[in-house]
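Note sheet for the following structure.
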Amino acid sequence: MKRSSGVRLCATAAVGALSLALVTGCSDEGSKGAGGTDGKPAARALGTAELKKLIVAGGEVPGYKVGAVPATRAKPITTDSAECRPLARVLSGLPPAEAAAQTDRLATQDLKKDPTDDATSLDDMADGKFEDAIKKSMDLDVTTVNLSSYDGDGAAKALASVSAAVRACAGGFDGKQSGTGMKFTKVAESKAAAAGDESVAFEAISKMDGDSAPVYGEVVRHGNTLASYYTVNIGAMMAKKAYSVSPEVVKAQSAKLK
């Protein structure tokens, strides 16, 4: 039987795009900043232990399971384009720039109902119904949340690098992950959540095996701490359905950073 483009997208996205949602990195607590130019002490980065107390945890995001990012994670996306590197990092579950300290979580939307539960026989799943059921079963947001903290004005500069990258890389960029080539054909700014001191959100169109699919990133600054989000929804990709960075996750995380 010839597979449809939706099934091909499912397979390639599951191996590629979903693996990006499981990408992250860890860094130890860094050095302290020097004094500010106005005579006041410069803002100092929070340590890893402090960030772990501030990041969303299980039971804090309605409709989502929150847990550790699995240890079996893919390697981050790399790119030769210095301008686009902040985007590649966010799409790898990392902060846009190296930070003094960071930590992360994975928030997976609850599947309210298995769409195959009502099937009483194989005939019920025939004539394309099975593929539709698969799409529905995978129609859930998977969001990587990364908290990172910076000395001085490092957080503001890191966020500005994302805004600049969205503009500079509007025509897309090439990258690699675990030695495999990746191509993003388009990058565009999208609506950011009304949270934090400032924020930027973007959509990146990923092309895999001839199929194109959107993935979404958002970075929000809370003082000298950044909350970076990366969301993928394979079911929405397959169904060509719109989605975005999970607003429930952003809302819950922002509340902990106030």
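Quick note on numbering: the sequence shown equals residues -21 to -1, 1 to 237 in mature numbering (1 follows the signal peptide of the UniProt record, and there is no 0).
The beta carbon of each residue, even a glycine, is placed where N, CA and C say it ideally should be.
Source: prediction; values computed, not measured.
Of all C-beta pairs linking the region 146 to 163 to the region 216 to 223, fewer than three are shorter than 8 Å, placing the two stretches out of contact. Excluding residues up to 5 positions away in sequence, K44, V121 lie with their Cβ nearer than 6 Å to the Cβ of T87 in the same chain. Going by C-alpha positions, A47 is about 33 Å away from R146. Taking C-alpha positions only, V229 is separated from A172 by approximately 7 Å. Taking the Cα positions, E168 is about 11 Å away from C148.
Cβ-Cβ distances below 6 Å link S207 to V69, P74, N125, V198 in the same chain, with the five nearest sequence neighbours on each side left out; the list follows chain order. When DSSP states are grouped into helix, strand and coil, P193 belongs to the strand group. Membership of A134 in the alpha helix (DSSP H) is indicated by the continuous run 133 to 147.
Under a 10 Å Cβ-count criterion, A50 is classified as exposed, with fewer than 16 other Cβ atoms of the shown protein chains found around its own Cβ. In this model, R84 and V35 are separated by some 7 Å (Cα to Cα).
Per DSSP, the beta bridge partners of D153 are K162.
Residue state for K186 is assigned as strand, using DSSP reduced to three classes. Judged by DSSP secondary structure, T204 falls within the beta strand (DSSP E) whose first and last residues are 204 to 211. Between G151 and V166, the CB-CB gap stays under 8 Å. Apart from the 5 residues on each side of it in sequence, S140 sits with its Cβ closer than 8 Å to the Cβ of P65, P75, A76 in its chain, given in chain order.
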